[in-house]
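Reading through the structure tokens given below for one structure.
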Amino acid sequence: NAGVTQTPKFQVLKTGQSMTLQCAQDMNHEYMSWYRQDPGMGLRLIHYSVGAGITDQGEVPNGYNVSRSTTEDFPLRLLSAAPSQTSVYFCASSFGQDYGYTFGSGTRLTVV
Amino acid sequence: AQSVTQPDIHITVSEGASLELRCNYSYGATPYLFWYVQSPGQGLQLLLKYFSGDTLVQGIKGFEAEFKRSQSSFNLRKPSVHWSDAAEYFCAVGGFSGTYKYIFGTGTRLKVLA
């Protein structure tokens, strides 16, 4: 059982480049979310999904897009990378509100 | 608006000593409450959760937490800390009015002295 798999683990982008962070889970979880973690700020929700075809914005959605075409996959797209998007990104999934999340191991992104 | 506060940024304890990490939340009803642990370079791992019933909940790795409605708190405790408990700990709340959002605190970094 792989859990939540994030790729890549590390990435360096130039300002203005675009890229997609991949997230896949094999637990048949309906709920999936993307968070970014910055020092002293905890985890902030970027986008989340309550099932295939359904997504919504979190507290810091600007500059990011998501889609959920299948239950398993929830990719995060950076449209035009900016230095302010330098962060560690975590994907997480859950059966429901009261189950808690299973987290991926994260993607460390640096935008230069 | 809902919020979560972890007032201690850093805590240092000696191995074998007891530990209490504080978490306070702001929400009109009883939320779903969670504690997570993050080791360096790793993702977050769920330690324990509360959403109803007995206000003292047991988790993995010997941790427990107590929900106190009157104080809007959900403090994490461990009777005897091991060196391997050194990590960052996050409190999180969810279950707001049917949404599926969770709010995380800013974390408490635990250092354990040998």
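Those protein sequence lines, which keep their order, are chains W and P. Going by this note's numbering, 12 is the number at position 12 of the first sequence; the sequence numbering is gapless. Count along the second sequence from 1, add 112, and you get the number used in this note's numbering. Yeah, the Cβ is synthetic: ideal placement off N, Cα and C, and Gly gets one too.
Taken atom to atom, the span from the alpha-carbon of Leu159 (chain P) to that of Lys173 (chain P) is near 8 Å. Counting C-beta pairs closer than 8 Å gives fewer than three between the stretch 66-77 of chain W and the stretch 137-144 of chain P, which falls short of the contact rule. With its beta carbon at least 8 Å from every one in chain W, Gly140 (chain P) lies outside the interface. Pairing Leu156 (chain P) with Phe95 (chain W) gives a Cβ-Cβ distance that is not under 8 Å. Rounded to whole angstroms, the separation of the alpha carbons of Ile123 (chain P) and Gln57 (chain W) is 34 Å. With the rule of 3 Cβ pairs closer than 8 Å, the stretch 86-94 of chain W counts as touching the stretch 35-43 of chain W.
Counting the other Cβ atoms within 10 Å of the Cβ of His29 (chain W) gives 16 or more, which makes it buried. In the DSSP annotation of this structure, Gly100 (chain W) is not part of any beta strand (DSSP E), being labelled neither H nor E. Residues are counted here when their Cβ sits less than 8 Å from a Cβ of chain W; for the stretch 154-168 of chain P these are Gln154, Gly155, Leu156, Gln157, Leu158, Lys161 and Phe163, given in chain order. With a cutoff of 8 Å on beta-carbon distance, Gln6 (chain W) and Gln22 (chain W) are scored as near each other.
8 Å or more divides the Cβ of Tyr201 (chain P) from the Cβ of Phe179 (chain P).
If you draw a straight line from the Cα of Arg221 (chain P) to the Cα of Gln150 (chain P), it comes to about 9 Å. In this structure, Thr15 (chain W) sits near Pro83 (chain W), with a CB-CB distance shorter than 8 Å. Counting other Cβ atoms within 10 Å of its Cβ, Asp166 (chain P) stays below 16 and is therefore classed as exposed. Boundaries of the beta strand (DSSP E) around Gly51 (chain W): Leu43 to Gly51. Note on Gln118 (chain P): 16 or more other CB atoms within 10 angstroms of its CB, so buried under the neighbour-count rule. In this chain, the beta strand (DSSP E) harbouring Leu145 (chain P) covers Tyr144 to Gln150. Here the alpha carbon of Leu131 (chain P) sits roughly 16 Å from the alpha carbon of Val169 (chain P). Cβ contact annotation for Val60 (chain W) (same chain, cutoff 8 Å, sequence separation greater than five): Arg36, Arg44, Leu45 and Ile46, in chain order.
If you check each beta-carbon in the stretch 36-47 of chain W against every beta-carbon of chain P, the ones closer than 7 Å belong to Gly40, Met41, Gly42, Leu43 and Leu45.
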